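Presented below is the structure to which this report refers.
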Ligand code: FES
Ligand SMILES: [Fe+2]
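Residue numbers (this note's numbering): 820 to 1256.
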């Protein structure tokens, strides 16, 4: 449970908000490389953290991210002309390179004027199939993160994004909530037996226990938590890691998520699978993987979960019953949705654009949810009160999610000896505990 003020602090990420300022101190994925214009193509508008930006590639293929409004008098650079080495504003013709250099100011007679000014652009990198940007103060730019999947080329990686019409925290909650898996995804998990996909094989054992034992530790990067289910003489332990401010290493070990706010009631849910040995990014494996979890384009479009459909009638809402198929449900499917991604979306979206947490009733199953609130609030308070922000400036390549069998007496933490634990105190579920730090 969170009071309204803490909830707002945790969830709102627009310019000038505490959480928004904290997020702007990290390198964030802003789009999939596959969504960007080609070299010299038309500029593309991106929404992020309650602001709009313009993504573009110059004729040499160098990617750039521009503030939406022209440096001169604010016309949108969405309207700008792609002209070889720069984007030209159509109002008075000022032309900007992807690094912010001002190439031309045709309505100013002094040729030296352009050398004294700089366009509003942001540092960007392309890695792991994603365009990354740093949107914070230049003097605080952190080292670029080295996530494990960045070492894999396209053939060994599968990238996907789903647009979720709810606040980013609602999506993050689902990612640190092992106890929903065998309920919400019961029908999907029942289909994993015999499916020749790594994802299916890695989740098959979860059909057997809906109430796993859950423990969480605060770490220097955020927190990790375990869900333990009986497994013969021992236990099956699934450890997930939350890396501040919006990244998750899934227990499957080969799946990473980022949940990046578009605005306070919409977010981009990035998925990356990687496999150094297997060419999972090649067809037909790629599409099989995406279709199995509901991330293929036709299924996403059917539920309004793409950039092109998220504002259309297709989008899940109470008016269309979140596009739940009651006939499918009557025929035996537990939820009546196509797959995992739609089931998660329906639960997140139906809770409200930005859900009220002052009335919720957390239980022992929600230890990791409390930890998530604490970690996110630590980011927001860190920036507001001048404390350290979890994960900022840390090397993150060693942080993993992992699933493994452990003995009855074995400590699950032995699976992640490289994680630096700050506090092993069990995650508190009472709001009083949330307010104590
Ligand atoms: S507003 Fe862009 S050149 Fe004047
Ligand atoms: Fe889920």
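Positions of the beta carbon are idealized from the N, C-alpha and C atoms, including for glycine. Computed from a prediction, not measured in an experiment: that's the story for all the values here.
Residue i: CB within 6 Å of a non-hydrogen atom of ligand 2
i	result
residue 1113	no
residue 993	yes
residue 972	no
residue 1163	yes
Ligand 1 heavy atom lying under 6 Å from the CB of residue i
i	result
residue 913	yes
residue 888	no
residue 891	yes
residue 1141	no
residue 894	yes
residue 910	yes
Cutoff 6 Å; reference residue i; Cβ partners in own chain excluding five residues on either side
i	result
residue 980	851, 1087, 1089
residue 934	none
residue 1071	1021
residue 1250	Legend: pLDDT at residue 1250 = 39, less than 50; position of this residue unreliable, value from coordinates given subsequently. Same-chain partners within the cutoff: 820.
residue 769	The structure shown does not extend to residue 769, since the chain is modelled only from 820 to 1256, so the question has no answer here.
residue 1045	1034, 1056, 1058, 1231
residue 833	839, 869
residue 1199	828, 837, 838, 841
residue 955	843, 844
residue 1254	The predicted position of residue 1254 is uncertain, since its pLDDT is 43 and thus under 50; a value taken from the coordinates is nonetheless stated next. Same-chain partners within the cutoff: there are none.
residue 936	921
residue 867	849
Coarse secondary structure for residue i, derived from DSSP in three states
i	result
residue 1083	coil
residue 933	helix
residue 898	helix
residue 1231	helix
residue 1052	coil
residue 906	strand
residue 994	helix
residue 1219	coil
residue 1044	strand
residue 941	strand
residue 1067	strand
residue 1200	helix
residue 1242	strand
residue 1115	coil
residue 854	helix
residue 1058	strand
residue 1225	strand
residue 1164	helix
residue 983	strand
residue 1019	helix
residue 1127	coil
Chain-order list of residues whose beta-carbon lies under 7 Å from that of residue i (same chain, five-residue window excluded)
i	result
residue 1181	820, 1188, 1189, 1248
residue 1123	1129, 1131, 1133, 1134, 1135
residue 908	889, 891, 894, 896, 899
Residues that residue i bridges to, as DSSP identifies them
i	result
residue 873	864, 885
residue 1336	An answer regarding residue 1336 cannot be provided, because it is not within the stretch 820 to 1256 covered by the chain.
residue 978	1091
residue 921	915
residue 1076	1067, 1090
residue 963	Answer is none; residue 963 lacks a bridge partner.
residue 1036	1043
residue 1207	DSSP lists no partner for residue 1207.
Contacts around residue i, its chain only, beta-carbon distance under 8 Å, and the 5 residues preceding and following it disregarded
i	result
residue 963	846, 944, 946, 951
residue 882	855, 874, 875, 876, 917, 943, 945, 950
Chain B within 7 Å of residue i, Cβ atoms only
i	result
residue 868	The structure shown has no chain B; it contains just one protein chain.
**Report entry** Stretch pair the region 835-848 + the region 1071-1080: three plus CB contacts closer than 8 Å
**Finding:** Touching, yes, given that three or more Cβ pairs across the two stretches are closer than 8 Å.
**Report entry** Cβ contact check for the region 1059-1070 and the region 1213-1228: 3 or more pairs under 8 Å
**Finding:** Yes, they touch.
Query raised in the report: Can at least three beta-carbon pairs, one atom from the region 1204-1218 and one from the region 963-974, be found at a separation below 8 Å?
Result: Verdict: yes, contact present.
Requested in this report: Could you tell me whether the region 1101-1108 touches the region 889-897, using the rule of 3 or more Cβ pairs below 8 Å?
Outcome: No, because fewer than three Cβ pairs between the region 1101-1108 and the region 889-897 fall closer than 8 Å, the two stretches do not touch.
Report task. Could you tell me whether the region 982-1001 touches the region 897-915, using the rule of 3 or more Cβ pairs below 8 Å? Result -> With the cut-off at 8 Å, the region 982-1001 and the region 897-915 do not touch.
Query raised in the report: Is the region 1153-1168 close to the region 996-1009, with three or more CB pairs under 8 Å?
Result: The region 1153-1168 is in contact with the region 996-1009.
Query raised in the report: Touching or not, the region 952-964 and the region 1129-1147, by the rule of three or more beta carbon pairs under 8 Å?
Result: They do not touch, by the three-pair rule.
Query raised in the report: Are there three or more Cβ pairs, one per stretch, closer than 8 Å when the region 1234-1242 is compared with the region 1036-1044?
Result: A contact exists between the region 1234-1242 and the region 1036-1044.
Query raised in the report: Within the chosen definition, does the region 1194-1211 reach the region 858-866 through at least 3 CB pairs nearer than 8 Å?
Result: These segments do not touch.
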